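The structure appears below as structure tokens.
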Amino acid sequence: MAPRGLPVELVRTLQLLQDRIARGSTQAHLAQRQLLGHIEQRLLALEPETWAAPENLRAAVVFALSGGGPALLRRMIETGKLPEADSALVVGSLAYLEGREREARTLLGRYDPRTQPPGLAGQLALTQAAVTVREAPRKAIELLDLARLLAPGTLVEEGALRREIFIHAQGGDAKRFEVLSIQYLRRFRRSVYAGNFRQRFATALTRLDFDSDRSRVAQLERMLDEIEPSERRDLYLLVARAGLEQGRRETATFAAERALSLAGPDSEAAARGRLYRAAALIVAEGRYEEGLDALRGVDRAGLAPADLALLDAALSTARQIRGGAPPPPAAEPPSARRQIPEAASITRAQEALARVDRMIDRTDDP
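Here the sequence shown is numbered in UniProt numbering, starting from 1 and rising by one per residue.
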């Protein structure tokens, strides 16, 4: 039999590494996959009797829900050695990892995260939220609040906060969206997974009506004032591009102009800002000529392929407007839209996005 508590020690090491990821350590992120593989090998080699100890069983569940995957839980169930009081925790966690949401919701719902030890409590609340959000978003918000309370400063809190923000965005609660977004930008903007937040944040911001409600401008600026100018510029560019994709002309114009005010005159960011502003102006009443002149002045050499395609599409639209032909639709259906191009700082986080949801929430954000 393994030394008592070995699973606990191994999983605690993993959690400490993941907390460094939440604080922005790319080295920790690079080391994570190797550590997950090492821990899985060690745990799979343990004797079945190991899992009769509640603390070892709970550590195995945390490992599986933190990116370790279902293999260990399957092995534990096959041994038939699980304590009856905790078997539903293991089976429910496996159901979650295998996509059996209803079964997972029923089994995991038997456990109150507040009665669990610290290493499991927040992770359990986060998982319960993931299997609840489709059926009961308000209950999911309560569970995400609880996860944040039970696991402050951890990757669990980072993931819970990010998910809660976008539940509020989809539900139209602008005040909570603003408050929690400011909190995220203050505390987790260095997270390796912040690229996921920024992409969704930009898309959510395009729902704000800057034309009819100018108070929303102040709301946006309050949120973005929390970050450094270069990051603020990149986010404004994301918002501008998202506004174009969604047919939000005023949003695109406003955000592009803010980005330009933060960009060097000959920078790539400035070229993108001028493009997005011009593309919005050609369909603005009374500003067609201004927009067309600006489009013609955009330096193609400073644009990425996706933005070159946008420039060509905008020039084509301008020609159709001048010729009296109806312009193409302002935006494609959401499923067909091109991905919003990321700034360099966001691109560096992109590799992490494929793993973050496997690690802390296999269910897509609402």
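Glycine included, each C-beta is placed from N, C-alpha and C at the ideal position.
Keep in mind that this is a model prediction, so the values were computed, not measured.
Original post:
What residue does the alpha helix (DSSP H) around TYR111 start on, and which one ends it?
Top reply: For the purposes of this step, residue 111 is taken as residue 111 along the sequence shown, with counting starting at 1. That residue, TYR111, is in no alpha helix (DSSP H); it is neither H nor E in DSSP.
**OP:** Less than 8 Å between the CB atoms is what I'm expecting for ALA129 and LEU143, so what's the real figure, rounded?
**Re:** The sequence position of residue 129 within the sequence shown is 129, counting from 1. The sequence position of residue 143 within the sequence shown is 143, counting from 1. The Cβ separation is near 4 Å, so the contact holds.
Subject >> Cβ-Cβ separation, ALA259 to ALA252 (assumed contact under 8 Å), whole Å >> reply: As a first step, residue 252 must be located in the sequence shown, where it is residue number 252. As a first step, residue 259 must be located in the sequence shown, where it is residue number 259. About 11 Å separates the beta carbon of ALA252 from that of ALA259, a gap too long to meet the 8 Å contact definition.
Subject >> Sequence-distant residues of the same chain with beta carbon closer than 6 Å to ALA121, five excluded per side >> reply: The residue you call residue 121 lines up with position 121 of the sequence shown. These residues qualify, in order along the chain: PRO113, LEU150.
Original post:
Alpha carbon to alpha carbon, what distance is there between PRO152 and PRO70?
Top reply: Translated into the one-based positions of the sequence shown, residue 70 becomes position 70. Translated into the one-based positions of the sequence shown, residue 152 becomes position 152. Rounded to whole angstroms, PRO70 to PRO152 spans 26 Å at the Cα level.
**OP:** Kindly indicate the opening and closing residues of the alpha helix (DSSP H) around VAL62.
**Re:** Within the sequence shown, the letter at position 62 stands for residue 62. Note, VAL62: alpha helix (DSSP H), 54-63.
Original post:
Taking the continuous alpha helix (DSSP H) assigned at THR13, which residues delimit it?
Top reply: Walking along the sequence shown from the start, residue 13 turns up at place 13. Here the alpha helix (DSSP H) through THR13 covers 6-22.
Subject >> Expected contact under 8 Å - CB spacing of GLY67 and LEU36 to nearest Å >> reply: Numbered from its first residue, the sequence shown carries residue 67 at position 67. Numbered from its first residue, the sequence shown carries residue 36 at position 36. Approximately 6 Å separates the beta-carbon atoms of GLY67 and LEU36; this is inside 8 Å, confirming the contact.
Subject >> Where SER191 sits in the DSSP three-state scheme >> reply: Within the sequence shown, the letter at position 191 stands for residue 191. SER191 carries a coil assignment under DSSP once its states are collapsed to helix, strand and coil.
**OP:** Quick one: measure Cβ to Cβ for SER61 and VAL90, integer angstroms, because I've assumed they're closer than 8 Å.
**Re:** Translated into positions along the sequence shown, residue 61 becomes position 61. Translated into positions along the sequence shown, residue 90 becomes position 90. Position check: residue 61 holds Val in this sequence, whereas Ser was assumed. Right, their Cβ atoms sit about 6 Å apart.
**OP:** Please determine if the stretch 45-56 and the stretch 93-107 are in contact, where contact requires at least 3 C-beta pairs separated by less than 8 Å.
**Re:** Contact between the stretch 45-56 and the stretch 93-107 is absent, because fewer than three Cβ pairs lie under 8 Å.
**OP:** Take ALA263 and list the residues in its own chain whose beta-carbon comes closer than 7 Å to its own, dropping the five residues that flank it on each side.
**Re:** As a working note, residue 263 is residue 263 in the sequence shown. Excluding sequence neighbours, ALA263 sits near ARG233, ALA269, ALA270, GLY273.
Subject >> Endpoints, the alpha helix (DSSP H) within which SER230 is located >> reply: Position 230 of the sequence shown, counted from the start, is the residue given in the question as residue 230. For SER230, the enclosing alpha helix (DSSP H) covers residues 229-245.
Original post:
Which residue's Cα is closest to the Cα of ARG190: ARG12, VAL11, GLY24?
Top reply: Within the sequence shown, numbered from 1, the residue matching residue 190 stands at position 190. Minimum Cα distance to ARG190 is reached at GLY24.
Original post:
If you run the structure through DSSP and keep just helix, strand and coil, what is ALA151?
Top reply: By 1-based counting over the sequence shown, the position of residue 151 is 151. Reduced to three states, the DSSP call for ALA151 is coil.
**OP:** Starting from GLY37, trace the alpha helix (DSSP H) both ways and give me its first and last residue.
**Re:** For the purposes of this step, residue 37 is taken as the residue at position 37 of the sequence shown. Where GLY37 is concerned, the enclosing alpha helix (DSSP H) stretches over 26-44.
Original post:
Contact check, TYR111 vs LEU126 under 8 Å by CB: the rounded distance?
Top reply: Translated into the one-based positions of the sequence shown, residue 111 becomes position 111. Translated into the one-based positions of the sequence shown, residue 126 becomes position 126. Rounded to whole angstroms, the Cβ separation of TYR111 and LEU126 is 13 Å, and the two are not in contact under 8 Å.
Original post:
Looking only at its own chain, which residues have a Cβ that is under 6 Å from the Cβ of ARG58, when we skip the five neighbours before and after it?
Top reply: As a working mapping, residue 58 is identified with position 58 in the sequence shown. The beta carbon of ARG58 sits closer than 6 Å to those of LEU120, all from its chain and outside the five residues before and after it, given in chain order.
**OP:** Count the other CB atoms, across all protein chains shown, that sit within 10 Å of the CB of ASP225; report buried if there are 16 or more and exposed otherwise.
**Re:** In the sequence shown, residue 225 corresponds to position 225, counting from 1. So ASP225 counts as exposed.
**OP:** Compute the Euclidean distance between the alpha carbons of HIS168 and GLU178, then round it to the nearest angstrom.
**Re:** What you label residue 168 is simply residue 168 of the sequence shown in a count that begins at 1. What you label residue 178 is simply residue 178 of the sequence shown in a count that begins at 1. For HIS168 and GLU178, the gap between their C-alpha atoms comes out near 9 Å.
Subject >> Nearest-angstrom Cα separation, counted from LYS81 out to PRO305 >> reply: Indexing the sequence shown from 1 puts residue 305 at position 305. Indexing the sequence shown from 1 puts residue 81 at position 81. The straight-line gap from Cα to Cα measures roughly 57 Å.
Original post:
Buried or exposed: VAL283, going by 16 or more other Cβ atoms within 10 Å of its Cβ?
Top reply: Here residue 283 corresponds to residue number 283 of the sequence shown, with the count starting at 1. Buried.
**OP:** Could you say which of GLN18, VAL11, ARG207, LEU17 lies nearest to GLN41 if we only look at CA atoms?
**Re:** Locating residue 41 in the sequence shown gives position 41, counting from the first residue. Ranking GLN18, VAL11, ARG207, LEU17 by Cα distance to GLN41 puts VAL11 first.
Original post:
Is it true that the CB of ALA279 sits closer than 9 Å to the CB of TYR244?
Top reply: As a position in the sequence shown, residue 244 is number 244, starting the count at 1. As a position in the sequence shown, residue 279 is number 279, starting the count at 1. For the sequence presented, residue 244 should be read as Leu rather than Tyr. Judged by their CB atoms, LEU244 and ALA279 are nearer to each other than the 9 Å cut-off.
Original post:
Using a Cβ-Cβ cut-off of 6 Å (strictly less than) and excluding sequence neighbours within five positions of ASN56, which residues of its own chain qualify?
Top reply: For the purposes of this step, residue 56 is taken as the residue at position 56 of the sequence shown. If you ignore the 5 residues before and after ASN56, its C-beta comes within less than 6 Å of the C-beta of PRO7, THR50, all in its own chain and listed in chain order.
Original post:
Where do the N-terminal and C-terminal ends of the alpha helix (DSSP H) with ARG296 fall, by residue?
Top reply: Within the sequence shown, the letter at position 296 stands for residue 296. According to the DSSP assignment, ARG296 belongs to the alpha helix (DSSP H) that extends over 288-296.
Original post:
Roughly how many angstroms lie between the CA atoms of ILE77 and ALA88, to the nearest whole one?
Top reply: If you number the sequence shown from 1, residue 77 lands on position 77. If you number the sequence shown from 1, residue 88 lands on position 88. For ILE77 and ALA88, the gap between their C-alpha atoms comes out near 10 Å.
Original post:
From GLU221 to ALA256, what does the alpha carbon distance come to, in whole angstroms?
Top reply: Within the sequence shown, numbered from 1, the residue matching residue 221 stands at position 221. Within the sequence shown, numbered from 1, the residue matching residue 256 stands at position 256. Cα-Cα distance, rounded: 13 Å.
**OP:** Kindly indicate the opening and closing residues of the alpha helix (DSSP H) around ILE77.
**Re:** Translated into positions along the sequence shown, residue 77 becomes position 77. For ILE77, the enclosing alpha helix (DSSP H) covers residues 71-79.
Original post:
Quick one: what's got a C-beta closer than 8 Å to GLN116's C-beta in the same chain, skipping five residues either side?
Top reply: Start at 1 with the first residue of the sequence shown, and residue 116 comes out as number 116. Excluding positions up to five away in sequence, the list reads ARG58, LEU124.
Original post:
Quick one: is GLN34 buried, meaning 16 or more other Cβ sit within 10 Å of its Cβ, or exposed?
Top reply: Numbered from 1 along the sequence shown, position 34 holds the residue referred to as residue 34. Under this definition GLN34 is an exposed residue.
**OP:** May I have the straight-line CA-CA distance separating LEU238 from ARG148, to the nearest angstrom?
**Re:** To locate residue 238, count along the sequence shown from 1; it is residue 238. To locate residue 148, count along the sequence shown from 1; it is residue 148. Using only the alpha carbons, I get a separation of about 28 Å.
Subject >> Through-space distance from GLU103 to GLU231, alpha-carbon basis >> reply: Here residue 231 corresponds to residue number 231 of the sequence shown, with the count starting at 1. Here residue 103 corresponds to residue number 103 of the sequence shown, with the count starting at 1. Cα-Cα distance, rounded: 42 Å.
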